[in-house]
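**Student:** With the numbering used here, letter number 109 in the sequence shown gets 138, and the count goes up by one each step, no holes.
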Amino acid sequence: MIRIATSIVGKLWVTILLLVSFVLFIFTVFMLEFLESYHNEQSEISLRQTAAAIASIVDEDELDDKQFAIISELLTETTNVLIAKNPNEVLYSMQEGLNKEEIQKNIISNEDLGEVYESSEPIVKELLLPSNIEENKNLKYIVLGFPLKSDEELHGAVFIYKNPDALNQTSNETTKIVFLAAAIAFILTTIFAFFLSSKITLPLRNMREHAFELAKGRFDSKIEIKQNDEIGQLAVAFNQMGRQLKHHLEVINQEKEQLSSILTSMTDSVITFNRDKTILVSNPPAERLLQKWFVEKGLNSSKPIPEELYQMLDHVLSFEDQLDEELQMGKSYYSITISPLYSGDSIRGAVAVIRDKTEETKLEKLKSDFIANVSHELRTPIAMLQGYSEAIIDGVVTTEEERTDMIRIIYDESQRMSRLVTDLLDLARMESGHMSLYKDDVPLVSVIERMTHKFDQTAKENHVQLHFETDFSEDALIPIDEDRIEQVLTNLIDNAIRHTPAEGSVTVSITNEQKFAKVQVSDTGQGIPQDDLPYVFERFYKADKARTRSKGGTGLGLAITKNIVEAHNGTISVDSVEQQGTIFTFYLPLT
30 MIRIATSIVG KLWVTILLLV SFVLFIFTVF MLEFLESYHN EQSEISLRQT AAAIASIVDE
90 DELDDKQFAI ISELLTETTN VLIAKNPNEV LYSMQEGLNK EEIQKNIISN EDLGEVYESS
150 EPIVKELLLP SNIEENKNLK YIVLGFPLKS DEELHGAVFI YKNPDALNQT SNETTKIVFL
210 AAAIAFILTT IFAFFLSSKI TLPLRNMREH AFELAKGRFD SKIEIKQNDE IGQLAVAFNQ
270 MGRQLKHHLE VINQEKEQLS SILTSMTDSV ITFNRDKTIL VSNPPAERLL QKWFVEKGLN
330 SSKPIPEELY QMLDHVLSFE DQLDEELQMG KSYYSITISP LYSGDSIRGA VAVIRDKTEE
390 TKLEKLKSDF IANVSHELRT PIAMLQGYSE AIIDGVVTTE EERTDMIRII YDESQRMSRL
450 VTDLLDLARM ESGHMSLYKD DVPLVSVIER MTHKFDQTAK ENHVQLHFET DFSEDALIPI
510 DEDRIEQVLT NLIDNAIRHT PAEGSVTVSI TNEQKFAKVQ VSDTGQGIPQ DDLPYVFERF
570 YKADKARTRS KGGTGLGLAI TKNIVEAHNG TISVDSVEQQ GTIFTFYLPL T
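1. Out of PHE208, HIS597, ILE216, which has the shortest C-alpha to C-alpha gap to SER465?
2. Can you give me the C-alpha to C-alpha distance between GLN609 and SER290, rounded to a whole angstrom?
3. Would you mind stating whether VAL187 and VAL110 have Cβ atoms separated by less than 8 angstroms?
4. What is the DSSP secondary structure of ASP500, counted as helix, strand or coil?
5. Can you tell me which residues form a DSSP beta bridge with PHE302?
6. Hey, ASN167 and LEU173 are a contact pair by Cβ (cut 8 angstroms); roughly how many whole angstroms apart?
7. In the DSSP assignment, find the unbroken alpha helix (DSSP H) run with ALA525 in it and report its ends.
8. Under a Cβ-count criterion, where at least 16 other Cβ atoms within 10 Å of its own Cβ denotes burial, should ARG639 be classed as buried or exposed?
9. Can you say whether PHE615 is buried or exposed, counting buried as having 16 or more other CB atoms within 10 angstroms of its CB?
10. Using DSSP with H/G/I as helix, E/B as strand and the rest coil, what is LEU104?
11. In three-state DSSP terms, what is ASP552?
12. Enumerate in chain order the residues of its own chain whose CB-to-CB distance from PRO313 is below 7 angstroms, with the five nearest sequence positions on each side excluded.
13. Could you tell me if PHE54 is buried or exposed, where buried requires 16 or more neighbouring beta carbons within 10 angstroms of its beta carbon?
14. Do THR519 and GLY554 have their C-beta atoms closer together than 8 angstroms?
15. Using DSSP's beta-bridge definition, name the partner residues of ALA401.
16. Please report how far the alpha carbon of GLN516 lies from the alpha carbon of GLN549, in whole angstroms.
17. Using only the alpha-carbon positions, how far apart do VAL380 and MET270 sit?
18. Are the beta-carbon atoms belonging to LEU521 and PHE501 less than 8 angstroms from one another?
19. Hey, is the stretch 497 to 513 in contact with the stretch 534 to 546, meaning 3+ C-beta pairs nearer than 8 angstroms?
20. Nearest to GLU490 by alpha carbon, out of GLU355, ILE526, VAL280?
21. Could you tell me the boundaries of the beta strand (DSSP E) in which SER160 lies?
22. For the pair the stretch 246 to 259 and the stretch 274 to 287, tell me if three or more CB-CB distances fall below 8 angstroms.
23. Measure the Cβ-Cβ separation of ILE8 and VAL87 and say whether it is below 8 angstroms.
24. Tell me TYR616's beta-bridge partners as DSSP assigns them.
25. Since PRO472 sits in a beta bridge, which residues does DSSP pair it with?
26. Return the Cβ separation of ASP385 and TYR363 in integer angstroms, given the expectation that the two are a contact with Cβ distance under 8 angstroms.
27. For the beta strand (DSSP E) containing MET123, list its first residue and its last residue.
28. Determine the closest residue to PRO410 out of VAL450, PHE348, GLY373, with distance taken between C-alpha atoms.
29. Please report the straight-line C-alpha distance between VAL606 and PHE613, rounded to a whole angstrom.
30. According to DSSP, is ALA186 part of a helix, a strand, or is it coil?
31. Compare the beta carbon distance of PRO151 and ILE137 with 8 angstroms and say whether it is the shorter of the two.
32. In this structure, how does DSSP classify LEU585 when only helix, strand and coil are distinguished?
33. Which residues mark the beginning and the end of the alpha helix (DSSP H) in which GLU355 is found?
34. Using the Cα positions of ASP512 and LYS468, report the straight-line distance between them to the nearest angstrom.
35. For the candidate residues LYS40, VAL310, TYR146, LEU319, whose alpha-carbon lies nearest to that of PHE221?
36. Cα separation between VAL58 and LYS205?
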């Protein structure tokens, strides 16, 4: 009910009902006033005519039966008559209903009507008299006093009045007619309102539902057009608006998907900032970069990006200028470009394109180090080969023993160069993925033990104790390339013995850990500095910064070792404490 009252149909319905009710109310008031005045006027005329007729009949003091009969014929059912000679003497009375005597007394003794006995003109008065149909009730009567004349002399009066119920009945009938008209008007108004609903408000409701559908993104819905007036034109405009919205939304979605695809496919990190430096949009590489920064900064930081980037944003937002910088933040290197974003003539934010150049910088450094290391490693043996060869050619050597020593040195240095070139070729093949493995199921314990005891003599010469430990059974098998794993253990055990002082120890152990064989080579040597641990598996890297040759080696052994272990789907790591020892650990899958 509340919904109907608040709808257009309800408002039209209520408005028309109020209008009709107001008109009917005014019409009823005026109509009742008019009818009352009209009935009073007609009653007075009727009473005058009746009184005049009676007065023309009554011309004597006495009335006979014939005159009574004529007077009775002149009177209606609602008309009452009194013929009085004076206020104290009534000649004739024809009254119906109750309170006859009281009414008669009030009429003939009324002072205003008493003037009729002495006047030649009729007198009409409204008197409040007892009702002739109800007890204890007074009604307003119209009483006409008409003088009786005989030979131009007054000898009495005729008093005639009507029952007021006739007028009241007429008013009641009029009121009933008005209420009937109001009921008919109510019904017609309701029908008219719902007719308007079907012609006006129903299309408007359809447009409202269509607008809700458009708000929900259902642009395929259409309004059925049944008329060609303003409402029909509005429906056409709604349908056109829906088609345009659908078209523009499709265009926006296409552009959004295209932009999203571009941002997603970019390897660079793209971050869009608002004016207040909050992040609006970021692509997947940027998300990973933000997570990396968050982990590095820890939970105590309230800013998601480094302080250097905030300073660059301040510059771009303040001076409306593009900024290109290469920054080192921690151990990472970044190339950062920040450009302002405009909304009209004002800056609404900035977009930052960040390229992580850490690997590129590291590769450039490795490349430079590789060239420097190769040059350094080859310069000394080449110089020695050249020097000793010139000495032999120039005849500087005088004895056969000196010549033999020089030839031995030339041979050793050529062997050193050969090992360096071989290691470089092996490492290049491994890193390019061209290394071939010839795996076979071999007894794990006996193979590793054999590889370890191969260095017993070397350990004795360096006064180092070499131990082997295992918790595997003798029949445990493992699929490996035996030659390549022997190369791994040779590098690790040889390094351990060479870097362990006299009376120290080197231990090779094998343990079973969750379907992996854990092989450890530990020593009690001088250890590796903590700053050098992340780089021990890089090519030509030596913890000995002076690059002395007292320990031998080319600096490629650990890099080759790492590639061999990873080719077996394993991992290798190192732990070391200076002056306490080093532990190399690698894992090989058992299946």
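Positions of the beta carbon are idealized from the N, C-alpha and C atoms, including for glycine.
**Tutor:** Result, derived from the coordinates:
1. Along the sequence shown, one-based indexing puts residue 465 at 436. Answer by Cα proximity: HIS597.
2. Along the sequence shown, read from residue 1 onward, the residue named residue 609 stands at position 580. Along the sequence shown, read from residue 1 onward, the residue named residue 290 stands at position 261. Spanning the two alpha carbons is a distance of roughly 54 angstroms.
3. The sequence position of residue 187 within the sequence shown is 158, counting from 1. The sequence position of residue 110 within the sequence shown is 81, counting from 1. Closer than 8 angstroms, so yes.
4. Your numbering for residue 500 matches position 471 in the sequence shown. Coil at ASP500, not helix or strand.
5. The residue given as residue 302 occupies position 273 in the sequence shown. Paired residue(s): ILE308, ALA379.
6. Start at 1 with the first residue of the sequence shown, and residue 167 comes out as number 138. Start at 1 with the first residue of the sequence shown, and residue 173 comes out as number 144. Distance from ASN167 to LEU173 at the Cβ level is roughly 19 angstroms; contact not present, criterion being Cβ atoms closer than 8 angstroms.
7. Counting from 1 along the sequence shown, the entry for residue 525 is found at position 496. 511 to 527 is the span of the alpha helix (DSSP H), which, as asked, contains ALA525.
8. Look at the range of the chain in this structure, 30 to 620, and you will see that residue 639 is not part of it.
9. Residue numbering aside, residue 615 sits at position 586 when the sequence shown is read from its first letter. By the 10 Å Cβ count, PHE615 comes out buried.
10. Here residue 104 corresponds to residue number 75 of the sequence shown, with the count starting at 1. In the structure shown, LEU104 falls within a coil segment according to DSSP collapsed to helix, strand and coil.
11. On the sequence shown, position 523 is the one that residue 552 refers to. Three-state result, ASP552: strand.
12. Start at 1 with the first residue of the sequence shown, and residue 313 comes out as number 284. Excluding positions up to five away in sequence, the list reads THR293.
13. Walking along the sequence shown from the start, residue 54 turns up at place 25. PHE54 counts as exposed, since fewer than 16 other C-beta atoms from the protein chains shown sit within 10 angstroms of its C-beta.
14. Residue numbering aside, residue 519 sits at position 490 when the sequence shown is read from its first letter. Residue numbering aside, residue 554 sits at position 525 when the sequence shown is read from its first letter. One thing to note: THR519 has its Cβ no nearer than 8 angstroms to the Cβ of GLY554.
15. Here residue 401 refers to the residue found at position 372 of the sequence shown. For ALA401, DSSP assigns no beta-bridge partner whatsoever.
16. In the sequence shown, the residue the question calls residue 516 occupies position 487. In the sequence shown, the residue the question calls residue 549 occupies position 520. Spanning the two alpha carbons is a distance of roughly 15 angstroms.
17. The count along the sequence shown starts at 1 and reaches residue 380 at position 351. The count along the sequence shown starts at 1 and reaches residue 270 at position 241. If I take the Cα positions, the gap works out to 35 angstroms.
18. The sequence position of residue 521 within the sequence shown is 492, counting from 1. The sequence position of residue 501 within the sequence shown is 472, counting from 1. With a cutoff of 8 angstroms on beta-carbon distance, LEU521 and PHE501 are scored as not near each other.
19. With the cut-off at 8 angstroms, the stretch 497 to 513 and the stretch 534 to 546 touch.
20. As a first step, residue 490 must be located in the sequence shown, where it is residue number 461. Proximity to GLU490 across GLU355, ILE526, VAL280 peaks at ILE526, based on C-alpha coordinates.
21. Counting from one through the sequence shown, the residue named residue 160 turns up at place 131. It is not in any beta strand (DSSP E) - SER160 carries neither H nor E in the DSSP assignment.
22. With the cut-off at 8 angstroms, the stretch 246 to 259 and the stretch 274 to 287 touch.
23. One cannot answer for residue 8 here, as it falls past the ends of the chain, which runs 30 to 620.
24. Residue 616 sits at position 587 when you count from the first residue of the sequence shown. BP columns for TYR616 point to LYS547, THR600.
25. For the purposes of this step, residue 472 is taken as the residue at position 443 of the sequence shown. The partner list for PRO472 (beta bridge, DSSP) reads LEU506.
26. For this step, residue 385 is matched to residue 356 along the sequence shown. For this step, residue 363 is matched to residue 334 along the sequence shown. About 6 angstroms; that satisfies the 8 angstroms criterion.
27. Counting from 1 along the sequence shown, the entry for residue 123 is found at position 94. 118 to 123 is the span of the beta strand (DSSP E), which, as asked, contains MET123.
28. Taking the sequence shown and counting its residues from 1, one reaches residue 410 at position 381. Relative to PRO410, the option among VAL450, PHE348, GLY373 whose CA is nearest is VAL450.
29. The residue you call residue 606 lines up with position 577 of the sequence shown. The residue you call residue 613 lines up with position 584 of the sequence shown. So the alpha carbons of these two residues sit roughly 12 angstroms apart.
30. In the sequence shown, counting from the first residue as 1, residue 186 sits at position 157. It is a strand residue.
31. Start at 1 with the first residue of the sequence shown, and residue 151 comes out as number 122. Start at 1 with the first residue of the sequence shown, and residue 137 comes out as number 108. Not closer than 8 angstroms, so no.
32. Position 556 of the sequence shown, counted from the first residue, corresponds to residue 585. DSSP places LEU585 in coil when its eight states are reduced to three.
33. Working through the sequence shown from its first residue, we reach residue 355 at position 326. From DSSP, GLU355 is part of no alpha helix (DSSP H) but of the beta strand (DSSP E) over 352 to 358.
34. For this step, residue 512 is matched to residue 483 along the sequence shown. For this step, residue 468 is matched to residue 439 along the sequence shown. Spanning the two alpha carbons is a distance of roughly 10 angstroms.
35. Taking the sequence shown and counting its residues from 1, one reaches residue 221 at position 192. It is LYS40 whose Cα lies nearest to the Cα of PHE221.
36. Within the sequence shown, residue 58 is the residue found at index 29, counting from 1. Within the sequence shown, residue 205 is the residue found at index 176, counting from 1. If you take the alpha carbons of VAL58 and LYS205, they lie about 13 angstroms apart.
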